[in-house]
Structure formats: structure tokens, C-alpha cells
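Report on one structure; see the data block that follows.
Protein chains: 2
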Amino acid sequence: MKLSEHRDMAAQSTLQLLDELAVFGAEESGGVTRLLYTKPWVDAQRFLAERMRKAGLEARFDRAGNLIGRLAGTDSGSGAIVTGSHIDTVVNGGRYDGAYGVAAGIAAIEYLLEAYGPPKRTLEVISFCEEEGSRFPLTYWGSGHLVGSHSWDQADAIADASGISLREAMEAAGFGDPAQPDPVRQDIEAFVELHIEQGIVLERQQLRIGIVDTIVGQKRYIVTLEGESNHTGTTPMGLRRDALAGAAEMVVAIERLAVQYGDPLVATVGKITCEPNTPNVIAGRVSFTLDIRLDDGVALTQVSERILQELAAIAERRELVFQAVNWLLTEPAPMSPELTGMLERICQEQGVSARRMVSGAGHDAQLLTGVAKTAMIFIPSRGGISHSPDEYSTPEQLSDGVMLLTDMLYALAY
Amino acid sequence: MKLSEHRDMAAQSTLQLLDELAVFGAEESGGVTRLLYTKPWVDAQRFLAERMRKAGLEARFDRAGNLIGRLAGTDSGSGAIVTGSHIDTVVNGGRYDGAYGVAAGIAAIEYLLEAYGPPKRTLEVISFCEEEGSRFPLTYWGSGHLVGSHSWDQADAIADASGISLREAMEAAGFGDPAQPDPVRQDIEAFVELHIEQGIVLERQQLRIGIVDTIVGQKRYIVTLEGESNHTGTTPMGLRRDALAGAAEMVVAIERLAVQYGDPLVATVGKITCEPNTPNVIAGRVSFTLDIRLDDGVALTQVSERILQELAAIAERRELVFQAVNWLLTEPAPMSPELTGMLERICQEQGVSARRMVSGAGHDAQLLTGVAKTAMIFIPSRGGISHSPDEYSTPEQLSDGVMLLTDMLYALAY
């Protein structure tokens, strides 16, 4: 069998595995719901463990419930080459977000083993237990454990919407054993994550592959405005302190400043709450979220301050009480220039159209940058849609990513 | 006893009656909840009927539950001079909205009778059963019956939040008897309503009385925008169809156009709904209410069309699907120039500072303009606040209104 046939088979195997995975937590909508530690999630992880074993890998769960499939390398002194992503989803999410990277990793290693035998360097594929933050108010519970960024104490402190603590849920699913060793991984040489873009850049530019330069940093705020609630009919325009009109001016200003700054800056107001939210009452209180993302940490801080200054000035002119609380800050996570350069060369050699780009979404890979050289590969998402049953990439697009990942793992491990 | 003492006593009596009325439906907040046909409402109307009888009036309920107190005039050929307002409230409303005009009417007629004996023209005070639309989705159920603008069939078609139909509620309260005659009133010569301003114009200008020229016409719309819901991190600013950013630009435009047009135009967005309303998802769908009020019907139509054109242009530029549904249109209701002139002269003679103004809120008086010469008197509201436990006017302000009403009823009926 020729190499190209093996690569094709890895792609075919990924498509089949994605179909099989989509059964766990399948919704009538065509979407998938696999929340951390729920039955569909447990069943899916167990199914994947079996699938890894069939592929010739050792499969084990770590203390948090990450599933790790391992193909030992012949060169015992070198670090591991790791791929993978997450299998948890948002409520009624898509079939590809996360699952694609896990399925592709298993298939790629399976066919590398078939084609070339055991690698020099140990190959691993990880199905991270949690990335989305859909059930509990935290994210990266899976990849965070590998790099030591999460504490076990958190498991008691947070609960899901029905009041079940993270620890209770974890133990009910058979994980969290305090006796189980849970060392921070220091033995990873490289981590390569394959994921759908979840954006429309590749589709619009008709490119097959995106090679991530940097996962953007994020600043998230909650902005609150207090004005004066009054009767819409009896309060002349000049005597108003309308919190909603003030918020509207701010949303327009945020958009204008982001457009002026230029790509890849994005700044978004996605959620707004208005009180009393009644047609014939001037809004007395409005709060909205502000989500700012950029690939440069210093510039992110500067542009965020510039935006907040403008908002404060609008509030002052309108005599609104203004508060902006910064509740989330993540630094940009640059990918390894060495790995991104390798990915770019493979694409050139294979004649696959590709571009470098930032990832505007967060991914498990950003956690790994602290312990390993890291890279991310994107394939196009139809309409940029994700977190939805409408999430879709074509079989050809899915295959492109699997083949690139396979080639990359070969280059790193053999 | 001198006339001025009688006028003072009418004012004192009004204050006392307001205290007594506030017991019915009293909330711990200090506010009042008297929804149509509920027990607090029934008790309050019965209490007022007794109070009218003590004042020397005949008191009767009409078919809908309006309470009518009558002092027959000696000149049987002339039409009635009528005052009054409503005693229903919003949920947790104030003590003055509506109740003030009813209490003042009873007290004014009581003391006119004491001071001058029977009037030439019949005097009436009406405690309208409903004006606020707080329990059932309709307004002016009380004054509408007097002028024939409501149909009894409506009583079966609409229900309150717990599913009780208007007819069920009406019959349970002892009203709605089909055998009871319910003629449209054609015998009213003049209707004068005393009410709190529910705005901040008189307070800001330190004036004691507002004489209403016109009750504004209203146009209310629901505007809906559809854009494209996408990931905030992965969708560049230039590739967005953000429904919330579009709505924000519209809210700013509405405010700007209203300010440019000038008083007394008001245009307000009081309610906004955003989907999915999630911090990290670009809004795919936003709807908001638009409430436009002006005292000139032709100009109201013109300015509404101008505003909607601007909104449609914003939607087109942003590639948002735009829909604006006009669900409410009321024409401006001009008050009688003869009556407003009389009120102005009385204020001048008494040395009471007053201004003519529009009423930006709707009132029972606007229904009466179809069958009688109509006038409205406003007194200041602290901070413009109403529909709230914080609704307040000082005893001096309340007294100013009662005295002007007493003088006006005297001028019209004696």
C-alpha cells in the first residue's frame, strides 16, 4: 500500500469515526450535546478508548477524565509528539467542534503505525475532557490539568445549573480519585491541534488550510450604566438620562474604534440587559458585555483602555453612572514558529492552499504553549457557523486537515 | 364661612381622602396595587360611593363599573359638567395617579354644594373603573364605555395573565349585567380632569399648574432586525452582520432625529431583546420598541416616516433584514380652547404660575373629547416619577390643583 493511500484511509477513517461519535448525545435537531461527565460524554470517551486500542494504542484516563492514547516511540529519551482536542460540546452544538481533532488524531496515528511501524518519538492523541465551559462555569478543565493551571479545590467551589458540584459530577462519572497520580506533563515535545475554523475567513478566501500564528488574547468586560427611568411620554428629550440611548452610542463607538484599528482586532457587544425594559418607560439601567480580542497583549491592553475611555466620556456627557468590570483576561498565545513553518512547507509541497491567521477563539492548544512547542491547523467552516447543529465542513475539507496532520505527525515523530 | 375657606377645606378633604384611598391595595413598599375588578379595587369603589353620598351626591355604578357621583343642577335643560379620573393602578403604583383627580372631584363638589348650594348645571364626578391597562391588555375600559369606543364582545376575547377573561372578572366583581342600560353619554357639556403631570417639566420650571393644550398622538412600532449570528472571536469586523450593532445605530439615530425636530416630539426605545444574547456570539436577531409622540397628527405621521426611512437605510447598509410593525396609533386629542382659556384666566386672577403644555401621556380626558368640551389640569410630580411607590406631589401642590378645579367647576356650573 502506498503512503498516499494510507493518508486517504486516515481521512476516511476520521469521517467514519465522526459519524460514530455523533451518536453520543445526538439531538433531534441533528446537533450534539455532550456536557462534561454526563452519560453521553462518558459513553463517548469509553467508545474512543476502545477505538484507540483497536488502532494499536495504549489507552488510559487521567484523574480528570482526559483520555490519552499512546504509541510508544523507539527513542525513549525524546519528548512525546501529541495531538488531540476535546469531545465535550455546547448544548445542541455541532459534530465537528473538538471531536474532529480527536478523531483525526486517532486515525492519523493508526495509519502511521500501519504504514511505518512504531515511531521514533512517542505519539499521543488526547481526548480532552472539557473545553467549552458549557456545564460548569470554567473552561479548559481538561488541558488545564495537563499543564497544572487548574486546582482540585475548584471542583468543590463550582456547580452546574442544577446545583451539582464539579466534584460530585466528576466522581459520579468515575473520575477524580485522589489516590491517582496527576503530575503536570513535562514530557511533551510538541502539541499539534487540528480544529474547524469556526469563522468565515478560509471560506471567503477559498483557502483549504489555516495555520495559526497566535491564539488571540481576550479582555472581557461587563459595562453597567445607570440613568433615570421615566415616562416616555412626559419626559422631553432634553431632560432625559436614557441608559439605553447611552448604551447604543457606546455600542456604535466600540464598533467604530474596532474597525478603525483594523484586523485582527475584534470588539463585540453580544449581550445586553435593559431595565425595566418596557416600551413606555425610559431605560433606567442597562448592562452589556464587551469582548475584545487581539493577537498582541500590549496592544490589546492599549486598545481596551482607549475603548473604555471613549465609553466613559459618553457616560459623562450623558450624566450616566458608568462602571466597567474586567472579569476575564487571557494573554495571547503565540504558536511555535518552528512548527508553523513546518506546516507551511508541507502545504506548499502538497500544493494545498493555506494562509497564516490568528485564532480568534480560544483552544486547548493555548494551554499547552506553557509546556510544549504548539501548533494549530484550521480547516474551513461552512458560513463560519459553529456551536450549532448547522456546523459543517465538507468531507474534502475534513480530509485536507487529516492529511496535513498525518504528514506533520510523521515529520515530527519518525 | 368665606369662599377661600371652602376652597382650603376642599384641598384638606382631598388630602385626607387620598390617605384613605391608599389603604385599598396598599403594598409594603408604600405603593398601591388596585387592578381592575380585584378586591382592593371593588372595596375602593364602594368606599368612594359611600363618600360621595356623604358629600351629598347620588352615587351609582354603570354597567362596566364606573362610579358616577351626581349633584343635580337646577337648570334641567343644560348638559352636565363632569370631572373625575381613574382609581385603578399599575402593579405597585403610586397613590396619586388617577386617584388624585377622583378625590379632588368629590371634595370640590362637596364644598361647592356647601358654599353655594345646588348648581345651575348638573355636576358629576366619575371614578373610572380602568385606565392603566395593567390587568388586561386594553386601556380606557372605563371612559371608553361612556363614549361608546369599547364593545362588550371584547370582554370575552381578552384575559389576564392567569387566564381569567375580562367578562369573568367583571361578573365576579358584580358588573357587566346585560340587562343594565349602557347608553353612550350625549349629555356632557364639559369634562375637566385633574391629574399629576407624571413628568418633570413643571418641577424643573418651578411652575404650579400645567394647562394641557393637547394630549399627544402616539405611534408605536416593533422593529425587528435579522443579521447573522456568529462567533465573536473568529468573525472579522468587516464580515459581520451584527443585529445589535445595527440596532444601536438606530437607537442613536432615533434620538438624534427627535432632538433635531425639537419639543414636544419624543421618540423612545424603551425595550430591546437580543438573540442569542450571549457574550461571545454576535447577535443574530434584535427587536426593539419605538414609541413616538407628538401633538400634531399630520406631523406625527411625517416624522414617523422620516425616522423609519432612516432606520431602513441603516438596515440596508448593514445588510440586515428589517421589519417595522406599527401596532398602535392614537390621534392627538386637542383640548377645548374655551376651557383652557378659562383655566388660564383663573390662574392669572389667583396669581398662580401656570403654563400651557402638551400631555405626553394618555388620559381618560382624550376619550371624552369626542362627546364634550374637555380640559386637563396638571400639578407637578416630584422628579417626574409615577407608576412607582416614589410618586409624590407636596400637599401644597395637591392643594393648588384642587383649588383650580373647584374654581373651574364653579365657573362652569354656577
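Note that the protein sequences, when read in sequence, are chains A and B. If you read the first sequence in the numbering used here, its first letter stands for residue 321, the second for the next number, and so on. If you read the second sequence in the numbering used here, its first letter stands for residue 321, the second for the next number, and so on. Cβ coordinates follow ideal geometry from the N, Cα and C atoms, glycine included. Every value quoted in this text rests on a predicted model; they were computed, and no experiment measured them.
Enclosing alpha helix (DSSP H) for residue i [first to last residue]
i: A/W461; result: W461 to V467
i: A/R637; result: G617 to R637
i: A/V422; result: A419 to Y436
i: B/V521; result: V521 to Q525
Contact check, residue i vs residue j, beta carbons under 7 Å
i: B/I401; j: B/A419; result: no
i: B/I520; j: B/G704; result: yes
i: B/V536; j: B/D611; result: no
i: B/A330; j: B/A423; result: no
i: A/T598; j: B/G590; result: yes
i: B/G414; j: B/S713; result: no
i: B/P700; j: B/E523; result: yes
i: B/R560; j: B/I602; result: yes
i: A/R676; j: A/I531; result: yes
i: B/Q454; j: B/T544; result: Before going on, a small fix: residue 454 of chain B reads as Ser here, not Gln. Cβ distance not < 7 Å, so B/S454 and B/T544 don't count as in contact.
i: A/P709; j: A/S349; result: yes
i: B/F448; j: B/D684; result: yes
i: A/S398; j: A/R441; result: yes
i: B/L649; j: B/K693; result: no
i: A/V672; j: A/R528; result: yes
i: B/R366; j: B/P360; result: no
i: A/P445; j: A/G389; result: Before going further, note that residue 445 of chain A is Val rather than Pro in the sequence given. Yes, these two residues count as a Cβ contact at 7 Å.
i: B/A733; j: B/L458; result: no
i: B/G462; j: B/E452; result: no
i: A/V641; j: A/E546; result: yes
i: A/N412; j: A/E488; result: no
Alpha-carbon spacing of residue i relative to residue j, whole angstroms
i: A/R505; j: A/H465; result: 9 Å
i: B/A731; j: B/F381; result: 27 Å
i: A/Q336; j: A/P715; result: 10 Å
i: A/M321; j: A/A435; result: Its pLDDT being 45, under 50, A/M321 is placed unreliably in this model, and the value from its coordinates should be taken loosely. If you take the alpha carbons of A/M321 and A/A435, they lie about 8 Å apart.
i: B/L387; j: B/D417; result: 17 Å
i: A/D583; j: B/F698; result: 56 Å
i: A/L581; j: A/V618; result: Looking at the sequence provided, one finds Tyr at residue 581 of chain A rather than Leu. Rounded to whole angstroms, A/Y581 to A/V618 spans 14 Å at the Cα level.
i: A/I550; j: B/A375; result: Note on identity: in this sequence residue 550 of chain A is Asn, with Ile being the wrong assignment. Straight-line Cα distance between these residues: approximately 37 Å.
i: A/T689; j: A/P654; result: 8 Å
i: B/V410; j: A/T358; result: 46 Å
i: B/L577; j: B/T588; result: 11 Å
i: A/E340; j: A/A369; result: 13 Å
i: B/E569; j: B/S719; result: 46 Å
i: B/P657; j: A/V579; result: 55 Å
i: A/R613; j: A/G682; result: 10 Å
i: B/E669; j: B/Q717; result: 18 Å
i: A/D395; j: A/M662; result: 22 Å
i: A/Y460; j: A/L687; result: 8 Å
i: A/L628; j: A/A563; result: 17 Å
i: A/H470; j: A/E509; result: 21 Å
i: B/S624; j: A/P556; result: 17 Å
i: A/L486; j: B/T554; result: 29 Å
i: B/V586; j: A/A492; result: 59 Å
Residues sharing a beta bridge with residue i, DSSP
i: B/K539; result: B/I612 and B/L649
i: A/F698; result: A/H515 and A/G530
i: A/I737; result: Any question about residue 737 of chain A goes unanswered here, given that chain A covers just 321 to 734.
i: B/E347; result: According to DSSP, B/E347 bridges with nothing at all.
i: B/E800; result: The structure shown does not extend to residue 800 of chain B, since chain B is modelled only from 321 through 734, so no value can be given for it.
i: B/G414; result: For B/G414, which the question treats as bridged, DSSP gives no partner whatsoever.
i: A/A644; result: A/V543
Beta carbon proximity, residue i to chain E, threshold 7 Å
i: A/I592; result: The structure shown contains no chain E; the protein chains it does contain are A and B.
Start and end residues, beta strand (DSSP E) containing residue i
i: B/A603; result: That residue, B/A603, is in no beta strand (DSSP E); it is neither H nor E in DSSP.
i: B/G389; result: L387 to L391
#### Entry: Uninterrupted alpha helix (DSSP H) stretches inside the region 443 to 513 of chain B (no shorter than 4 residues)
461 to 467, 474 to 477 and 486 to 492
### Message
Going residue by residue through the region 658 to 733 of chain A, where are the continuous beta strand (DSSP E) segments of at least 3 residues, counting only ones entirely within it?
### Response
With a minimum length of 3 residues, the continuous beta strand (DSSP E) runs that stay inside the region 658 to 733 of chain A are 674 to 679 and 693 to 699.
#### Entry: Whole runs of the alpha helix (DSSP H) within the region 351 to 385 of chain A, excluding any shorter than 4 residues
359 to 374
### Task
Would you mind listing the alpha helix (DSSP H) stretches within the region 538 to 591 of chain A that are 4+ residues and don't spill past its ends, in chain order?
563 to 581
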